[in-house]
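The sequence shown: position 229 = 229 (the UniProt record's numbering), numbered continuously. All residues carry an ideal CB built from backbone N, CA and C; glycine is no exception. Worksheet: one structure, shown below.
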Amino acid sequence: MAEDDTELWHRRLGHVSYGTLNAMVKDGRIKGATMKTNVACDVCATSKQVRKSFKTSEEDAETRESSRSDVVVCSDVLGPITPASKSGFSYAVTFIMMKSRYVTVYPLRKKSDVASAFERFYQDVKTTSGTKIKVLRSDNGGEYRNETMNSFCKAKFIKQEFTVPYNPEQNGMAERMNRTLVEMTRCMLKESGLDKSYWCEALMTAADIRNILPNASNKNSSPHEMVFKKVPRIDHMRVFGAQCYAHVAKEKRKKLDDSGVRCFFLGYEKDQKAYRLLNADDGSIVISRSVTFAEHSVTKASKSRDTQVFDVIEEDESVEASLTDDEDIPAPVTEEELRTPPLRAQNSSHHGPSVRPSDTIPTRASSTPGRNGEEEWMVRPVRKKRGVVRYEQEFPSHRRGRFNLDDYEGDFDSFYCFSAEEDGEQASSYREVMKSGYKEQWLQAMKSEMKSLEEHSTWKLMDMPPGKKAVGCKWVFKIKRDPSGEIIKFKARLVAKGFTQRPGIDYNETFAPVARKESINTVLAIAAAEDLEAENVDVDTAFLYGEVEEEIYMDQPDGFEDEGSPNKKCLLQKALYGTKQAARQWNNKLSQHLVDQGFKSSAADPCVFVRVTREEYSIIVIYVDDLMIFCKTKEHIASIKNSLMEDFSIKDLGDLKYCLGIEIHRKREDGTIKMNQKAYIKRLSEKFGVENCKDMHTPADSNSKLIKMGQEEAFVPKYPYRELVGALMYIATCTRPDIAHAVGEVAKFCERYDKSHWTAAKRILKYLKTTQDLSIVFSGINKGELIGFADANWAGDLDTRRSTTGYVFFLNGSVISWNSKRQPTVATSSTEAEYMSLYSATQEAIWLRGLLKDLNYCAKNATTIFQDNQGCIALAKNPVYHSRTKHIDIKFHFLREKVASAVIALEFKPTEEMVADGFTKALPRDKHSKFITGLCMAV
Numbered sequence: 001m002a003e004d005d006t007e008l009w010h011r012r013l014g015h016v017s018y019g020t021l022n023a024m025v026k027d028g029r030i031k032g033a034t035m036k037t038n039v040a041c042d043v044c045a046t047s048k049q050v051r052k053s054f055k056t057s058e059e060d061a062e063t064r065e066s067s068r069s070d071v072v073v074c075s076d077v078l079g080p081i082t083p084a085s086k087s088g089f090s091y092a093v094t095f096i097m098m099k100s101r102y103v104t105v106y107p108l109r110k111k112s113d114v115a116s117a118f119e120r121f122y123q124d125v126k127t128t129s130g131t132k133i134k135v136l137r138s139d140n141g142g143e144y145r146n147e148t149m150n151s152f153c154k155a156k157f158i159k160q161e162f163t164v165p166y167n168p169e170q171n172g173m174a175e176r177m178n179r180t181l182v183e184m185t186r187c188m189l190k191e192s193g194l195d196k197s198y199w200c201e202a203l204m205t206a207a208d209i210r211n212i213l214p215n216a217s218n219k220n221s222s223p224h225e226m227v228f229k230k231v232p233r234i235d236h237m238r239v240f241g242a243q244c245y246a247h248v249a250k251e252k253r254k255k256l257d258d259s260g261v262r263c264f265f266l267g268y269e270k271d272q273k274a275y276r277l278l279n280a281d282d283g284s285i286v287i288s289r290s291v292t293f294a295e296h297s298v299t300k301a302s303k304s305r306d307t308q309v310f311d312v313i314e315e316d317e318s319v320e321a322s323l324t325d326d327e328d329i330p331a332p333v334t335e336e337e338l339r340t341p342p343l344r345a346q347n348s349s350h351h352g353p354s355v356r357p358s359d360t361i362p363t364r365a366s367s368t369p370g371r372n373g374e375e376e377w378m379v380r381p382v383r384k385k386r387g388v389v390r391y392e393q394e395f396p397s398h399r400r401g402r403f404n405l406d407d408y409e410g411d412f413d414s415f416y417c418f419s420a421e422e423d424g425e426q427a428s429s430y431r432e433v434m435k436s437g438y439k440e441q442w443l444q445a446m447k448s449e450m451k452s453l454e455e456h457s458t459w460k461l462m463d464m465p466p467g468k469k470a471v472g473c474k475w476v477f478k479i480k481r482d483p484s485g486e487i488i489k490f491k492a493r494l495v496a497k498g499f500t501q502r503p504g505i506d507y508n509e510t511f512a513p514v515a516r517k518e519s520i521n522t523v524l525a526i527a528a529a530e531d532l533e534a535e536n537v538d539v540d541t542a543f544l545y546g547e548v549e550e551e552i553y554m555d556q557p558d559g560f561e562d563e564g565s566p567n568k569k570c571l572l573q574k575a576l577y578g579t580k581q582a583a584r585q586w587n588n589k590l591s592q593h594l595v596d597q598g599f600k601s602s603a604a605d606p607c608v609f610v611r612v613t614r615e616e617y618s619i620i621v622i623y624v625d626d627l628m629i630f631c632k633t634k635e636h637i638a639s640i641k642n643s644l645m646e647d648f649s650i651k652d653l654g655d656l657k658y659c660l661g662i663e664i665h666r667k668r669e670d671g672t673i674k675m676n677q678k679a680y681i682k683r684l685s686e687k688f689g690v691e692n693c694k695d696m697h698t699p700a701d702s703n704s705k706l707i708k709m710g711q712e713e714a715f716v717p718k719y720p721y722r723e724l725v726g727a728l729m730y731i732a733t734c735t736r737p738d739i740a741h742a743v744g745e746v747a748k749f750c751e752r753y754d755k756s757h758w759t760a761a762k763r764i765l766k767y768l769k770t771t772q773d774l775s776i777v778f779s780g781i782n783k784g785e786l787i788g789f790a791d792a793n794w795a796g797d798l799d800t801r802r803s804t805t806g807y808v809f810f811l812n813g814s815v816i817s818w819n820s821k822r823q824p825t826v827a828t829s830s831t832e833a834e835y836m837s838l839y840s841a842t843q844e845a846i847w848l849r850g851l852l853k854d855l856n857y858c859a860k861n862a863t864t865i866f867q868d869n870q871g872c873i874a875l876a877k878n879p880v881y882h883s884r885t886k887h888i889d890i891k892f893h894f895l896r897e898k899v900a901s902a903v904i905a906l907e908f909k910p911t912e913e914m915v916a917d918g919f920t921k922a923l924p925r926d927k928h929s930k931f932i933t934g935l936c937m938a939v
């Protein structure tokens, strides 16, 4: 090791202080480096700035340390952390053994399972070190004070100690450890150039590093030495984010393929003697023990795209049991469970085979590798045979429920570093705001919110009566953007913690309706055909207009406590955001206002209001606090706005251009209104790494079908599958009927999925990226006409042999409603499948007719539904084929009644002209293009 490698070790050890580094050099733990003082590190200077600490006398410190023991554990929760990790973790809980300072970290999704995390930690400590925890010290958070935690501690004779509220210094060790880990994580991420969503990898690596660093409080012994009585090896340590090259096993590549893959170092695999790497090309996770490092490279990692597994582990795990005589060995197997918490998930169940019992887990004998040499040794011992792991495997399904923590308000004042504020993302807590680069904007937004709350007389300060329980409150921050993604407003909102309200005491009824998407489409189709004016308004602090009927007390908001009465509580007068009944009370208030102004609520959709007179035809569609107003003239719209302003504070957004995340473009010259989600699709493409993909012209492969995984196959959640499918479902239901069937297919596998399903979901996104300009067009070319198409794909589901229903409805020549859904029962013939499809379409037709009737628009004549099965039409018109149809459920014969009463008219349409065909099966490119044309969609 060259003498100038002190800086390299500083980086390898997570930007450890030079005081600690010099102590390790002096003790001979680091070979070849020199002791240095007053060394400037830009990363440390920008990432570790804190206030000057208050010093404790040496005598007090010695007295305190002599009384500490590892049977006492302190704990604290970090979070919420933004952005969430690649696996969706937003929290982390730390457990610190107070004598040794040994820290164990568990990443978490929600806060409610801290008790389960502690149970696992208790068992790990007892098994690996023989230590029996006697005291758990923490703050007063609900994650520590609950029935589950109390019961476990009582059963294990563990005493719980809690800090006095608002005195975090009483849990100073946990607070300081968290700050140390966060500073290390911040430094490592900053130097590496990795996206902040990799904080979980960096945090776990920081904990590993911290446990092998000497501690001045323990006479420069490391926590690892204190617990396991053995000096840990550090010659395998590498710089987080360093460029490296992983060897690809012969079995994993073709003859002429590269034998190595360029990666970035993430950390040390928990369950194998291998490094954990990030594939530089596709963002996949690589687990390898044969790695060549280039730690002095200045190349920084770019944002990852995908998270697919790339397995380049080449040695058989049985090799580990054959080298027990080597002198240089890592820690015993019993150490592993404690020193490396279960961040990575195993690919099999707990019943998988384990390695042969042994006092120690050996390693391959080799000399210490050079800085750029090939690594053939890793420190992590193997406990059980594990498969290749990826982000979504950080906790397997059988463990995930034990480590999900949510709902936590982060109060650790150093953790703001993980908020992507510099990337334009919103803050997540009041403390984070106070350290944010957008502090002034956020404070102004908070003051504006408080002013609005005061104007509405939202609460009055009162002494809370005995026996009452106050609900908490928190600040929620949001950056609003225009369709192009530019910031237009910083918004702060004070919300009550409604999840602490008690039913029957703090609230009763809570249901509040919102407008259906089909209703919005219907009104837009009418607006295009009748050339109605369309504008949008937003009601400021809408929920504050709703009156609270129950007696609810709330804590005073952070940053705005009353100096004269800090202990008083807020007795709510209005339904503050976050309370269970807020949405319902607001909806009742607005609905009553509109009724008083002469509007009538639709029976089909209570969020659609209409007012018809000889001179006026006005429609209002409500979606919470957004109002879309449609009238014949601008004067009528102005009149409605004026009446609203008499009772509410509204924001006039002008012509309807953007609503509910949907872009609306109107061309009065050709009488069209176009609706798309181009900006959302673009952001989604960038998020999932397909922004530069090749063009894809169909959303699904017409030559293959997806099938579910075999029951014998172990399911491991490898990909952000559900997140992607959820986003695709939102697009499919709002503006893209052309992907409805494809999305329905991938949605069936959200519980158990594999790479084939993930590939299919990404194909849909690639198709959307290719066709992002495609829009629903409302034109009014067939004014006054409501028609539908219904079809079915008999036994199309290969797993269940159930059929798929597809239908679509048009008003004035524009698509307003569509559906692609697997039928509830198995159909015994194509006629039966088509009959059930027609039944579903009839239900939708009747609802649409009711809506149009309420809107006083074109629902007088029978609604025509086209079918491509003559037998189905005959069955609907007459009770024929009794022997072959008598088993059909009575409810499906409902459509016969509607046909007989001339509500529905059935007509035959050849399959090649059946528009609904694309809702039942995947189509080849030429037919899919025809399908899009049939839906009247255009760029």
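Leaving out five residues before and five after P557 in sequence, what residues of the same chain have Cβ atoms less than 6 Å from its Cβ?
By one-based count along the sequence shown, residue 557 stands at place 557. Within the same chain, P557 has close Cβ partners C473, L494.
Distance between beta carbons of I81 and S90, contact taken as under 8 Å: As a first step, residue 90 is located in the sequence shown; it is residue number 90 there, counting from the start. As a first step, residue 81 is located in the sequence shown; it is residue number 81 there, counting from the start. Yes, S90 and I81 are in contact; Cβ-Cβ is about 5 Å, under 8 Å.
**Asked** How many angstroms separate the CA atom of I846 from the CA atom of N878?
**Response** Along the sequence shown, read from residue 1 onward, the residue named residue 846 stands at position 846. Along the sequence shown, read from residue 1 onward, the residue named residue 878 stands at position 878. Note on geometry: alpha-carbon atoms of I846 and N878 lie some 20 Å from one another.
### Message
Quick test of your reading: I619 and F630, contact by CB under 8 Å. State the CB separation rounded to the nearest angstrom.
### Response
Translated into positions along the sequence shown, residue 619 becomes position 619. Translated into positions along the sequence shown, residue 630 becomes position 630. Yes, they are in contact, since the Cβ atoms of I619 and F630 sit about 4 Å apart, within 8 Å.
* Asked: Roughly how many angstroms separate the alpha carbons of A115 and P165, rounded to a whole number?
  -> By 1-based counting over the sequence shown, the position of residue 115 is 115. By 1-based counting over the sequence shown, the position of residue 165 is 165. Taking the CA atoms as reference points, A115 sits about 20 Å from P165.
Practice prompt. Kindly indicate which residue of L203, H224, F688 has the alpha-carbon position closest to the one of I212.
Written response: Taking the first residue of the sequence shown as position 1, residue 212 is located at position 212. Nearest neighbour of I212 by Cα position, chosen from L203, H224, F688, turns out to be H224.
- prompt: Cα separation between H636 and I816?
  reply: On the sequence shown, position 636 is the one that residue 636 refers to. On the sequence shown, position 816 is the one that residue 816 refers to. H636 and I816: Cα-Cα distance of roughly 26 Å.
message = Let me make sure I understand the geometry here. Which of A841, K748, P699, L774 has the alpha-carbon closest to that of K928?
response = Along the sequence shown, read from residue 1 onward, the residue named residue 928 stands at position 928. One point to set straight first is that residue 928 is His, not Lys, in the sequence displayed. If we check each option's Cα against that of H928, P699 comes out closest.
Could you check where the beta strand (DSSP E) with R262 kicks off and where it finishes?
Against the sequence shown, residue 262 aligns to sequence position 262. Its beta strand (DSSP E) spans residues 260-268.
Whose C-beta lies closer than 7 Å to the C-beta of P341 among residues of the same chain, with five residues either side of it excluded? Counting from 1 along the sequence shown, the entry for residue 341 is found at position 341. Model confidence at P341 stands at a pLDDT of 35, short of 50, so the residue's coordinates are unreliable and nothing is read from them.
Just the C-alpha distance for V248 and D258, rounded to the nearest angstrom, thanks. The sequence position of residue 248 within the sequence shown is 248, counting from 1. The sequence position of residue 258 within the sequence shown is 258, counting from 1. Whole-angstrom Cα-Cα distance: 8 Å.
Spatial neighbours of N782 within its chain, please: C-beta separation below 7 Å, excluding the five flanking residues on both sides.
Reading the sequence shown from its first residue, position 782 is the one you call residue 782. Answer for N782: N812, G813, listed in chain order.
Cβ-heavy atom distance, D562 to the ligand GTP, below 7 Å: By its list of ligands, the structure shown contains no ligand whatsoever, and the ligand GTP lies outside what it can speak to.
Worksheet item: Alpha carbon to alpha carbon, what distance is there between A529 and Q867?
Response: One-based indexing of the sequence shown puts residue 867 at position 867. One-based indexing of the sequence shown puts residue 529 at position 529. In a straight line, the C-alpha of Q867 is about 27 Å away from that of A529.
- Task: Flag this pair as yes or no: are the beta carbons of A740 and W818 separated by less than 8 Å?
- Result: Here residue 740 refers to the residue found at position 740 of the sequence shown. Here residue 818 refers to the residue found at position 818 of the sequence shown. A distance below 8 Å separates the beta carbons of A740 and W818.
Taking only runs that begin and end inside the segment 68-131, name each unbroken alpha helix (DSSP H) of 4 or more residues, in chain order.
Listed in chain order, they are 114-129.
- Message: If contacts are defined as beta-carbon pairs under 8 Å, then D76 and K99 qualify, I think. What distance do you get, rounded to the angstrom?
- Response: Here residue 76 refers to the residue found at position 76 of the sequence shown. Here residue 99 refers to the residue found at position 99 of the sequence shown. Not confirmed; about 18 Å, so no contact.
Margin query: Going by the DSSP bridge assignment, what does P503 pair with across the sheet?
Written below: Within the sequence shown, numbered from 1, the residue matching residue 503 stands at position 503. DSSP lists Y507 as the beta-bridge partner residues of P503.
Could you tell me whether the segment 202-221 touches the segment 173-188, where touching means 3 or more Cβ pairs closer than 8 Å?
-> Under the Cβ criterion (8 Å, minimum of three pairs), the segment 202-221 counts as touching the segment 173-188.
Quiz item: Should F412 go down as buried or exposed, given a rule of 16 or more other Cβ atoms within 10 Å for buried?
Solution: Start at 1 with the first residue of the sequence shown, and residue 412 comes out as number 412. Residue placement at F412 cannot be trusted, given a pLDDT of 26 that sits under 50; what the coordinates show is reported in the next sentence. Around the Cβ of F412, a 10 Å sphere holds 16 or more other Cβ atoms; the residue is buried.
- For the alpha helix (DSSP H) that contains I650, what are its first and last residues? Numbered from 1 along the sequence shown, position 650 holds the residue referred to as residue 650. DSSP places I650 outside any alpha helix (DSSP H); the residue lies instead in the beta strand (DSSP E), whose first and last residues are 650-655.
Opposing strand residues paired with I629 [DSSP bridges]:
Residue numbering aside, residue 629 sits at position 629 when the sequence shown is read from its first letter. I629 is bridged to E535, I620.
Report task. Can you tell me which of the three DSSP states K478 falls into? Result -> Residue mapping note: residue 478 aligns to position 478 of the sequence shown, counting from 1. Note: K478 maps to strand in three-state DSSP.
| task | Check whether the Cβ atoms of T510 and K580 lie closer than 8 Å to each other. | result | In the sequence shown, counting from the first residue as 1, residue 510 sits at position 510. In the sequence shown, counting from the first residue as 1, residue 580 sits at position 580. Yes.
Note to self: For the structure I just gave you, are there three or more beta carbon pairs, one from the segment 230-241 and one from the segment 121-137, closer than 8 Å?
What the structure shows: Below 8 Å, too few C-beta pairs join the segment 230-241 and the segment 121-137 to call them touching: fewer than three.
Exercise for the section: Starting from the C-beta of T131, find all residues in its chain whose C-beta is less than 6 Å away, skip the five residues before and the five after it, and write them out in chain order. Expected result: The residue given as residue 131 occupies position 131 in the sequence shown. Within the same chain, D70, V125 come within 6 Å of T131 by CB-CB distance, once the 5 residues on both sides are set aside.
task = Please check the pair I662 and C734, which I expect to be a contact at CB under 8 Å, by giving their CB distance rounded to whole angstroms.
result = Position 662 of the sequence shown holds residue 662. Position 734 of the sequence shown holds residue 734. Contact holds; Cβ gap of about 6 Å.
Original post:
Which residue or residues does DSSP assign as beta-bridge partners of T864?
Top reply: For the purposes of this step, residue 864 is identified with residue 864 of the sequence shown, where counting begins at 1. T864 pairs with I787, A905.
Nearest to E535 by alpha carbon, out of I673, L136, T541, S601?
-> One-based indexing of the sequence shown puts residue 535 at position 535. The residue from I673, L136, T541, S601 with its alpha-carbon nearest to that of E535 is I673.
*Where the alpha helix (DSSP H) through A583 begins and ends*: Your numbering for residue 583 matches position 583 in the sequence shown. Here the alpha helix (DSSP H) through A583 covers 582-596.
Jot down the residue ranges of each uninterrupted alpha helix (DSSP H) in the segment 149-216, minimum 4 residues, whole runs only, in chain order. Fully enclosed alpha helix (DSSP H) runs of 4 or longer: 172-192, 199-212.
Would you check if the distance between the CB atom of V903 and the CB atom of A862 is smaller than 8 Å? Stepping through the sequence shown from its first residue, residue 903 is reached at position 903. Stepping through the sequence shown from its first residue, residue 862 is reached at position 862. Yes; because the gap between Cβ atoms is below 8 Å, this pair is in contact.
Handout entry: Any C-beta of chain B under 8 Å from that of D538
Key = Protein chain content of the structure displayed is limited to a single chain, and chain B is not contained in it.
**Request:** Can you give me the Cβ contacts of residue 1006 inside the same chain, cut-off strictly under 6 Å, excluding the 5 residues immediately before and after it?
**Result:** Outside the displayed span of the chain (1 to 939) sits residue 1006, for which this structure offers no information.
What are the start and end residues of the beta strand (DSSP E) that includes F778? Residue 778 sits at position 778 when you count from the first residue of the sequence shown. Note, F778: beta strand (DSSP E), 775-778.
task: Please name the residue in A274, L194, K762 whose C-alpha comes closest to that of V690.
output: In the sequence shown, residue 690 corresponds to position 690, counting from 1. Of the candidates A274, L194, K762, the one whose C-alpha sits nearest the C-alpha of V690 is K762.
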